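Asks: This is the structure, below, for whatever I ask next.
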Amino acid sequence: MFAAINPDWMMLAGIALATSVFVRMAIRRQRAGRVVAKGRNAADPIQRLARPKHAWDGAHRDPGALVERQKVELQETAREAQGQLATKIAVLERLVAASSDQIKQMQRLLDELHAARAEAESDRATV
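Under our numbering, the letters of the sequence shown match residues 57 to 183, in that order.
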């Protein structure tokens with residue numbers, strides 16, 4: 057299909073397409089500049105400020121809002137870390153309590169074993 061088209065014509069068509077795209081972009085920039093320029097001529101300083109296109113655009117670009125948002129994220133991260141640490145501490149305390157109970161039980165069994173051996177030795181000595 058493209059073999060029948062002269063390569064010179066294809067090059068010319070590509071250049072024309074690129075030129076039309078660049079011209080359209082330049083026209084759009086000029087129109088946007090005119091809208092901003094009209095706002096700058098207003099007497100009210102608030103009218104001169106560029107307004108965000110969406111409700112939250114300004115909050116995302118505002119340094120103060122950015123710092124506050126990062127503070128909130130940091131506080132949330134700290135709260136999550138504290139929660140995880142509290143959970144791990146509670147688990148560790150339960151494990152320590154369980155091991156203390158097991159140590160007491162093993163000590164009791166060891167004392168019973170020593171008492172049984174002592175009793176067996178005293179029985180042998182009397183026999």
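All C-beta atoms, glycine included, are put in the ideal place defined by N, C-alpha and C. Since the structure is predicted, the reported quantities are computational estimates derived from the model, not experimental observations.
Quick one: what does DSSP say D118 is sitting in, helix, strand or coil?
Replies: Along the sequence shown, one-based indexing puts residue 118 at 62. D118: coil per DSSP, three-state reduction.
Asks: CA-CA distance, T182 and A176?
Replies: By one-based count along the sequence shown, residue 182 stands at place 126. By one-based count along the sequence shown, residue 176 stands at place 120. Distance between the alpha carbons of T182 and A176 is about 10 Å.
Asks: Return helix, strand or coil for I61, following the three-state DSSP convention.
Replies: By one-based count along the sequence shown, residue 61 stands at place 5. Three-state DSSP puts I61 in coil, outside helix and strand.
Asks: Would you report the Cα separation of A171 and A154, rounded to the nearest angstrom?
Replies: By 1-based counting over the sequence shown, the position of residue 171 is 115. By 1-based counting over the sequence shown, the position of residue 154 is 98. Going by the C-alpha atoms only, they are around 26 Å apart.
Asks: From Q158 to R150, what distance separates their C-alpha atoms?
Replies: For this step, residue 158 is matched to residue 102 along the sequence shown. For this step, residue 150 is matched to residue 94 along the sequence shown. Rounded to whole angstroms, Q158 to R150 spans 12 Å at the Cα level.
Asks: Measure the alpha-carbon distance for V152 versus L169 and round it to whole angstroms.
Replies: For the purposes of this step, residue 152 is taken as residue 96 along the sequence shown, with counting starting at 1. For the purposes of this step, residue 169 is taken as residue 113 along the sequence shown, with counting starting at 1. Looking at the two C-alpha atoms, the distance is approximately 25 Å.
Asks: CA-CA distance, M162 and K144?
Replies: The residue you call residue 162 lines up with position 106 of the sequence shown. The residue you call residue 144 lines up with position 88 of the sequence shown. M162 and K144: Cα-Cα distance of roughly 27 Å.
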